[in-house]
Amino acid sequence: MNDDALNSKAPMPARPPTPETPEDAGSRALAEALRSSFVVVKLAMWVLVIVFLCSGFFTVGSQEKAVILRFGRPVGEGEKALLGAGLHWSFPYPIDDVVRIPITEIQNVTSTTGWYFLTPEQELSQNEPPPGQSLNPAVDGYLITADANIVHSRVRLYYRIEDPTRYVFGFVNASNAVRNALDNALLYTAAHFEVDDLLYRDKAGFKDDLQRRVTGLIAQQQLGVAVDHCEVLDSIPPRQLKNAFDQVTTARENRIRVLNDAHTYENQVLYRASALTAAVTNEAAADKARLVESVTADAKRFKDLLPKYELNPALFTQVQLLDTMGSVLTNLQDKIFLPTRADGKSRELRLLFNREPPQPKTGTTPQS
Amino acid sequence: MKRNLMILLGGALLVLLVASMLFVFQVRQSEVAVVTTFNRLTRSVGPGPHFKWPWPVEKVYKIDERIQILQDQFTEDLTGDNFNLLTTAYVGWSITNAIEFFPKFREGSIPAAQRMLEGILRSSKSSVVGRHLLSDFVNPNPQGLKFDAIENEMEQLVQSQLMTNNCGIQISFLGIKRLGLPESVTEAVFRRMTSERNLLSKGLEDQGESEAAKIRSAANRQAAEMLADAQAEATRIRGEGEAAAAKILPTFQQNPQLANFLLRIDSLEQILKDRSTLILDEGTPPFDLFRGSLTNSPAH
């Protein structure tokens, strides 16, 4: 305003002076200057008013809701107080105050009360210090299982804000309340599970029970959030006892291996036995067939030869015998004929048996 | 004239603004304000704009009515069966009566209230833990576990203490956050756990061995049974064959001499089938042909 006045005064000396009535001209110029500066001020005021009103516009994102507090009290009741995504207008502060509440995005809290002490740097670098002899309750977290064993477990809860007014106006720090509920649920669930169930046998059951407990607590404490899901990040035995627990795992695997070996043996024995049984019965069946066949064949021959025999038994036997001798003698390896001595005494015969050894099977050297 | 009106309006607005800053205060949703007149508590008001006399006549203190969470430190207490047990708990508490609350703590100081609450919590925990056995906290049998009951007892005890203290505070929920054992005890627990693990792994190995042995012997037995069955079956089959052969035998009865002769001829053939040496004399046909015709009688 001062500047305007000075500016409008500045060109005054440049104006051609009017010597007749210098006071009159001066006052007129002053009035002129005042009027023009007043216009500028008025304009500035209007601009200010418009800016003031425009500053009341604000946008709400798709993942949040907003509540307008007029003189500290929410505008509208219950659900109506919540403004959805889009452009909105409120009076500027101090009349109205806009409170934004994240709603659709999933938030999470992690419970580490069941985990041993790690500094954030150690956590990031994966470089954990070796465990001590014992656990100091002041720093190291752990859980006590139903059978009074110590385990470590950390879990994460994913949740959405369901009742924004309750979440924001009911609690100083609702996410802290959610985390405490999760801590309690973890402790409670661990106290219901035996160590082997928690770590190995019933991981899914542990997770389900945990989620059930934390959902119940959240509903009971009316935290205004809805549980999306729970995740068990890790469950381990105390690091001090890693070897002992690994030993059990090895033993469990060994047991399976030993049982598998036994089953392999079982199969082998049974297959071999069934092969052997088949061989035995087949052999018997073959024997049977051979016996019956040979007897039948003999009988047939007997029947065929009987009429011829009956014609002249002596001749028949003679012919048959000679026939057989002929075929037998051709097959013989050595035939030695020993005529009787003239004096009718029997000859003395000396035999030296030096049989040719049986031919070795092919493949081995015929050395020996 | 018009300009004067404008100036007047502007002035009035300015005065109104300054006056509202001096005479009006706002209370937000979830807050309650306590007003003191010359340092004497006079009234409390809820959310909305309110009138007050400017300082130094009246002073406004705002108090958060929302639920706050208090977590305490580990405290070590003796259970009913003389075990040392460490517990931490959390409490959701809120100020429900600002008029009662405000004068109890210096100018409604929240930390002071928390200190008091922590003290109450500690004594409540101690007395409730002392009433219970260790097996009420950890127990493999779900019926023996009294977790909820313990938490309820603590909550009721804290609640009743607050009621008697009459300080305008209420708790909405209470839960145990952590359970712990004294550090030296954890070492003993580790020793016990190690021995339990050893027992378990030994048991698993032995169990595996014995089951495997059972499987093997069962297999052997079954194989032996199968073989015995098969041998019985084979004997039966052979018997059948012999019976069938026996049926044919009467044929040979028609002429036993011939049957005998044929059998002997067959066996002769069988015996001399392969690699045999036979020494013969003139008595054996057909060499009887040589009898008398060969003269290898001695020379003299």
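These protein sequences, in sequence, are chains A and B.
For the first sequence, position 203 matches number 203 in my numbering, and the numbering has no gaps at all.
Adding 1000 to a residue's 1-based position in the second sequence gives its number in my numbering.
Heads up, the beta-carbon is just placed ideally off N, CA and C, and yes, glycines get one too.
Residue i: contacting residues in chain B (beta-carbon distance under 9 Å)
{"i": "A:Ala146", "result": "Val1138, Asn1139, Pro1140, Asn1141, Pro1142, Leu1145"}
{"i": "A:Ile161", "result": "Under the 9 Å cutoff, chain B gives no residues; its nearest Cβ is about 15 Å from A:Ile161."}
{"i": "A:Leu43", "result": "Here the premise fails: no neighbours, minimum Cβ distance about 14 Å."}
{"i": "A:Gln320", "result": "Phe1261, Leu1262, Ile1265"}
Assigned secondary structure, residue i (DSSP; H/G/I helix, E/B strand, else coil)
{"i": "A:Tyr93", "result": "coil"}
{"i": "B:Val1035", "result": "strand"}
{"i": "B:Leu1145", "result": "coil"}
{"i": "A:Pro74", "result": "strand"}
{"i": "A:Trp46", "result": "helix"}
{"i": "B:Cys1167", "result": "coil"}
{"i": "B:Gly1108", "result": "helix"}
{"i": "B:Gly1175", "result": "strand"}
{"i": "B:Arg1122", "result": "helix"}
{"i": "A:His229", "result": "strand"}
{"i": "A:Glu162", "result": "coil"}
{"i": "A:Ile256", "result": "helix"}
{"i": "A:Pro307", "result": "helix"}
{"i": "A:Phe380", "result": "Any property of residue 380 of chain A remains undetermined from this structure, which presents chain A solely from 1 to 368."}
{"i": "A:Asp147", "result": "coil"}
{"i": "B:Pro1103", "result": "helix"}
Amino acids of chain B, ordered along the chain, whose beta-carbon sits closer than 7 Å to that of residue i
{"i": "A:Tyr188", "result": "Phe1147"}
{"i": "A:Thr281", "result": "Ala1230, Glu1233, Ala1234, Ile1237"}
{"i": "A:Asp261", "result": "Ala1212"}
{"i": "A:Phe58", "result": "Neighbours of A:Phe58 on chain B: none; closest Cβ ~18 Å, over 7 Å."}
{"i": "A:Pro238", "result": "Phe1190"}
{"i": "A:Phe337", "result": "Leu1280, Phe1287"}
Extent of the continuous alpha helix (DSSP H) run through residue i
{"i": "B:Thr1235", "result": "1183 to 1248"}
{"i": "A:Asp323", "result": "313 to 331"}
{"i": "A:Leu210", "result": "203 to 221"}
{"i": "A:Ser125", "result": "120 to 125"}
{"i": "B:Glu1269", "result": "1256 to 1271"}
{"i": "A:Val172", "result": "Looking at the DSSP string, A:Val172 is not in any alpha helix (DSSP H), and its letter there is neither H nor E."}
Neighbour flag for residue i against chain A, beta carbons, 9 Å
{"i": "B:Met1154", "result": "no"}
{"i": "B:Ala1012", "result": "no"}
{"i": "B:Ala1113", "result": "no"}
{"i": "B:Met1116", "result": "no"}
{"i": "B:Thr1037", "result": "no"}
{"i": "B:Ala1098", "result": "no"}
{"i": "B:Phe1287", "result": "yes"}
{"i": "B:Gln1257", "result": "yes"}
{"i": "B:Thr1194", "result": "yes"}
{"i": "B:Asp1077", "result": "no"}
{"i": "B:Pro1298", "result": "Because B:Pro1298 carries a pLDDT of 49, less than 50, the predicted location of this residue cannot be relied on, and the following value inherits that uncertainty. For B:Pro1298, the answer is yes, since a Cβ of chain A falls inside 9 Å of its Cβ."}
{"i": "B:Arg1216", "result": "yes"}
Cβ of residue i within 9 Å of any chain B Cβ
{"i": "A:Leu241", "result": "yes"}
{"i": "A:Tyr407", "result": "Chain A is shown from 1 up to 368; residue 407 of chain A falls before or after that span and cannot be answered."}
{"i": "A:Asn354", "result": "no"}
{"i": "A:Lys345", "result": "no"}
{"i": "A:Gly141", "result": "yes"}
{"i": "A:Asn312", "result": "no"}
{"i": "A:Gly76", "result": "no"}
{"i": "A:Tyr200", "result": "no"}
Proximal chain A residues relative to residue i, where beta-carbon distance stays under 7 Å
{"i": "B:Asp1072", "result": "Near B:Asp1072 there are no residues of chain A at all, since even the closest Cβ is about 12 Å away, more than 7 Å."}
{"i": "B:Val1027", "result": "Gly72"}
{"i": "B:Thr1186", "result": "Ser134, Leu135, Ile150"}
{"i": "B:Gln1207", "result": "Arg255"}
N- and C-terminal bounds of the beta strand (DSSP E) containing residue i
{"i": "B:Ala1089", "result": "1084 to 1095"}
{"i": "B:Asp1136", "result": "Looking at the DSSP string, B:Asp1136 is not in any beta strand (DSSP E), and its letter there is neither H nor E."}
{"i": "A:Phe337", "result": "334 to 337"}
{"i": "B:Thr1075", "result": "1075 to 1078"}
{"i": "B:Gly1048", "result": "1048 to 1051"}
{"i": "B:Asp1274", "result": "Counting along the chain, B:Asp1274 falls outside any beta strand (DSSP E), and DSSP gives it neither H nor E."}
Residue i: contacting residues in chain B (beta-carbon distance under 8 Å)
{"i": "A:His192", "result": "Pro1142, Leu1145"}
{"i": "A:Gly170", "result": "Ser1030, Arg1066, Ile1067"}
Neighbouring residues, chain A, relative to residue i (Cβ below 9 Å)
{"i": "B:Asn1198", "result": "Ala244, Gln247, Val248"}
{"i": "B:Lys1125", "result": "Within 9 Å Cβ-Cβ: nothing; B:Lys1125 doesn't reach chain A, min ~14 Å."}
Bridge partners - residue i, DSSP secondary structure assignment
{"i": "A:His152", "result": "A:Ile236"}
{"i": "A:Phe57", "result": "A:Trp89"}
{"i": "A:Arg28", "result": "According to DSSP, A:Arg28 bridges with nothing at all."}
{"i": "B:Arg1040", "result": "B:Thr1037"}
Within chain A, the residues that residue i reaches when beta carbons sit closer than 8 Å
{"i": "B:Glu1269", "result": "Thr324, Ser327, Val328"}
{"i": "B:Lys1177", "result": "Thr113, Asn180, Asp183, Asn184, Leu187"}
{"i": "B:Asn1220", "result": "Val269"}
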